[in-house]
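Comments concern the structure below.
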Amino acid sequence: MDMREQEQLHIELFERCASTFSEAIYLSFSEGDKTNNVFGRKVKKHSNGGLSHLLGKAVSGLRCSALLSSEMLKTELSVLSTFNRLHVPLSVVVYGGGDSYISQIRQTGAILFRVSTIQELADWLLIAQVISEKCLTPVVIISEIAEDIEFELPNSKELKHWFGNPDDRIAEPIASQEMVLGSARRRMPAWLHIDQAVLVGANKEQKMKGLEKAAYREFEQKHYPSLIEETLQAYSILSGREQNSYESIGHRKPKNVLICTSINEDSKQDSSLQKLLDKKQTKLLHLKQLNPIPVFDEIIGSRVQKICVLEPISESKLQGQYFASFCTQDKYSSIYKENGWFVESPRLPSIEAALNHLIESESNSRSYWLDVPLLNTKSNFPKHEILLQQIKRDYPELEYVSVRSEPAQSGVSKVPTSVPGSIRKFTNQGPPYAKISRFFDDTFCLHEYAKDELIADPFQAYPVMPIATASFNDRREERELVPVFNPQLCKDIDELVLSCNYGALPSTLITVQTLIESGIKIARNQGEVVSQITPIVKKWVKASSSFIKKNRDDIRKAKDFLVPSIEHVLTKSKSDDEKRAILQNECELILGAIGETTTVIDQKLFIEQERRESGAGELFCLAVNPLACTGCGHCALVGDEPCMSMEPQELHNQELESAFQNFEVLPSTSEYSIKRLIENKDFDPFAALLLNSRLYHTYSASANVDMSQDETVFKYYLALIEFVGRPKLKSNIDGINTTIEKLNIGIKELLSNSLPVNQLDALMDVLGKHEESRVNMTQVFNEWGEEIKFSSIEKNKLERKLQVLEELKILRTLLDKGISGNGRPSCTIVLDNSLARLANYPFNPFTVPVLVSENEDTAALALGVCEGQMRHGLDQIRLKRRAELEASDSYSPSKHDTELVNLSWEDLSIDEQQSLAPVVLFATNDWLLNCNYSRLTELLQNPYPVKVFIIDKGIAPVEDLISQLHATSNSLWSLVTQRNTFITRATLD
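All residue numbers for the sequence shown refer to the numbering used here, where the first residue is 126 and numbers rise by one.
Rendered as structure tokens:
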């Protein structure tokens, strides 16, 4: 069979099998997308984009599979590694010489099988997908089929049960997954999801990478054999065909075992092989399962004295793991030598520890980690100790598999003085890996304050970071000076707001009334009773405005005008002494909450606004974030007479912390004020955006001390996206609220229609038995029901309404609150490898979902993300449409189910299309000059809202600068011809 015939045979078989479960398949040739899988989902077939495209879809929770020739595989190995590192399921079939790449495939961490017949390929492809979803790693099948014969597949009903719906939630198959993902997860995890903002693909330093690999081996890969075995047994029962991970040939009671990862098929069938094996008392194990190596307990009995393993040399993180499992069992003690694994090159202390362990061991069959801690007995951080106890309970053997050259240190270099404000801003919802507080307790504190306590815990196996962890970064030790604010010198507010690239100068605009109402709210939240002051708040506001106009130059803090103005109001009031005392006490409580707030009385923002409309004047309030400030001094250069002065931090740290705590409880600048300032030609529009606290914190400074200009651009751009997207999100939520209200009315009508209104005389009799003014309706209905019969009700209709109502409420919560408490993120980011430094572990500066492209085709990856999010978006729009139909009593399953299933992007209204958050690709100019333009063109032609943001630093040798500018211009011109593609080029001054 020549290569072309082999390709065609594999394409036909692969399409038939993979189309039963996949939503996206990649192969070299396809006749079109006309297939639905067994769950009614359309199967999208791709011949471009490769595994990068599938990664974008699969990381979004879509089932994907690929058919690759050995030549195609050669260029996709790095992407396959990314699938494994990100714990994304995928099924891959390789044909045409895949044996040459066994070592490289194993190094990717993928589970690997080999088949030699068509029936085996069909069976193992169905098996592979289930194994992939249980183990959360890609599965590769090397196909060596040489003839075209018929094969059998289970029927649709059996396949549907075998695979299970990818959106269903399942119990975690292993303990470590339960720790990280919670007690239940989607069968196909949607790591990148608009409703679950985390950064996926964190960029780690060498030591953290080592911990990730160690954790992966001990907490994830360790479970693969049992998960594979249970899947093979289940499929054997389903298909009636026995499935095993290896073939056994040779002596029945061997003294020797020969384990082969590959053997010539003709030789295997030769009778001489059996004679040879019998003569040598040897058992040959020919593996179908090449990675991980299967467990051979049934073969290796007490008579076995030697084992020989024949396999390609590999430096994979999986190398040796399952052979090492033999070393821990006494019955194999005479067979195996001791093994030690390390992450960093061993130094003299490490070598000495390894030698001591070897000499002192009772058996030479132990395997261990050298200077890679997997379990600490105690921690200086109580919350982290809870995780240690959980690991010790579920993995007690870890206490014996790590050898240290020196004991773990018990002290810490420093401790966090307070919980970061970002933890208080975000709610602690979602799976454990997405919780920002959990990350702070178990990872960040150790990374920053007690590196000796860092261990390869289950979370280290996942390159995932929650949102905004860069905000934990404490820069106090990096600086000597801090800015001290003099509000009376503040003239250029917009320049001051934009002067700090590190997010250390949050600010807000609030009216006097809003400030006072905030003080009341804060006092009440602290358990104080504040009620008598409410009737005179407006008088207090009016008196404050008058005082401010007359004494503007004397005001530095809120108490400077609040105290004299309330004294003026109380003096003029006609209250008796008792009430006056109550009012004075309440005023003190309010002033205690907001009195120390630093305020600026600006001519345009307050005085002129107040002249136009009484009470409309806005105070500019600003604080210095003591953790985020680097002491760079940029803010002290703003204006002819700077309002910031740089002074020694030891003199002002406590003052800064107190002022910042007071500022954090203030409300943010209103949307109305932001819009007004954006339209003001004398005020920088980006500064207007950053006056809003939510917009200001859409991007935190990364771990770099010298924040680059591209990060400043990100901060502005993400704030703009958030500002533009927020009204659309609000409109979406309002529409859902309206539908929920209608559904509630419809459900009440259905229930009320069942009441026997023609037998109200019986109801009168029941009520007459009760003398109390209010009666319990449950008791009334029970008594009424004894005498009459209620009308029947449409059960299916009521169940449908209740079900869709519940689903709609869940969707509303996702949009309005989300797992962060701040609602659905405004976009999803695909970050090219040229900007991977912005994702350095453990500092995530983003507050939206992010996928970091490592070695993939970034444009193809972004396209896959677009299509993955489009599918989720369409599901939510289907839900809303169905709910609207149910609310209007227009829903007919026979008519509308088909319409909803076949709903596509083109069927959506403009409002529905705009309700979906865009995907933004961030890259540098270097990527634009070297990217695959066919993929970029395909991405821009994709109907889903996508934005490509290119950072051109303009840095090049003088002799190359002109040519680079020309190249950039030519790159942009080549995209101008694309329909529905808008291109703009701008400079950030």
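All C-beta atoms, glycine included, are put in the ideal place defined by N, C-alpha and C.
| Asked | Found |
| --- | --- |
| Short Cβ contact (9 Å threshold) for Tyr841 with Cys757 | no |
| Nearest-angstrom Cα separation, counted from Arg549 out to Phe238 | 48 Å |
| 8 Å CB neighbourhood of Lys167 in its chain, flanking five on each side removed | Glu148, Asp158, Thr160, Asn161 |
| Distance between beta carbons of Glu283 and Leu363, contact taken as under 8 Å | 6 Å |
| Three CB pairs or more closer than 8 Å across the segment 784–794 and the segment 611–623 | no |
| Alpha-carbon spacing of Glu245 relative to Glu275, whole angstroms | 11 Å |
| Rounded straight-line distance, which links the Cα of Thr233 to that of Met333 | 18 Å |
| DSSP beta-bridge partners of Gln321 | His318 |
| Three-way DSSP call (helix, strand, coil) for Tyr841 in this model | helix |
| Every unbroken beta strand (DSSP E) inside the segment 317–374 [3 residues or more] | 323–325 |
| Assigned exposure category for Ile1002 - 16 Cβ within 10 Å defines buried | buried |
| Delimiting residues of the alpha helix (DSSP H) encompassing Tyr574 | 570–574 |
| Beta-carbon spacing of Glu355, Ser370 below 9 Å | no |
| Residue burial classification, Phe1107 (beta-carbon count within 10 angstroms, cutoff 16) | exposed |
| Reduced DSSP secondary structure (H/G/I, E/B, other) of Gln709 | helix |
| Residue nearest to Phe139 in terms of C-alpha spacing, selected from Ser216, Ala183, Arg210 | Ser216 |
| Continuous alpha helix (DSSP H) stretch holding Ala595: start and end | Careful: Ala595 lies outside any alpha helix (DSSP H) and carries neither H nor E. |
| For Arg294, the nearest candidate out of Ser308, Val468, Asp273 (CA to CA) | Ser308 |
| Option nearest Leu1041 by Cα separation, candidates Arg649, Ile270, His318, Thr407 | His318 |
| Rounded straight-line distance, which links the Cα of Asn209 to that of Arg962 | 21 Å |
| Classification of Asp807 by the beta-carbon crowding that lies within 10 angstroms, buried from 16 upward | exposed |
| Leu584 versus Ala300, Lys934, Phe146, Leu880, residue with shortest Cα-Cα distance | Correcting the residue type first, residue 584 is Phe in the shown sequence and not Leu. Selected option, being the one with the closest Cα: Ala300. |
| Buried or exposed (CB count within 10 angstroms, at least 16 for buried), Asn969 | buried |
| Extent of the continuous beta strand (DSSP E) run through Ser268 | 263–268 |
| The segment 943–954 touching the segment 310–324, judged by at least three CB pairs closer than 8 Å | yes |
| Pro556 Cβ short of 8 Å to the ligand HEM heavy atom set | What this structure holds is no ligand at all, so the ligand HEM is not there to describe. |
| Residue burial classification, Leu876 (beta-carbon count within 10 angstroms, cutoff 16) | exposed |
| As assigned by DSSP and simplified to three states, the class of Ala753 | coil |
| Val1026 classed as buried or exposed, judged by whether at least 16 other C-beta atoms fall within 10 angstroms | exposed |
| Beta-carbon proximity of Pro631 to Ser795, cut-off 9 Å | no |
| Cys768 and Ile635 closer than 9 Å at C-beta | no |
| Backbone CA spacing between Asp496 and Ile425 [nearest angstrom] | 32 Å |
| CA nearest to the CA of Ser656, picked from Val666, Lys667, Gly644 | Gly644 |
| At least three beta-carbon pairs within less than 8 Å, the segment 188–207 to the segment 1014–1022 | no |
| Start-to-end residues for the beta strand (DSSP E) that takes in His171 | 169–171 |
| Coarse secondary structure for Thr938, derived from DSSP in three states | helix |
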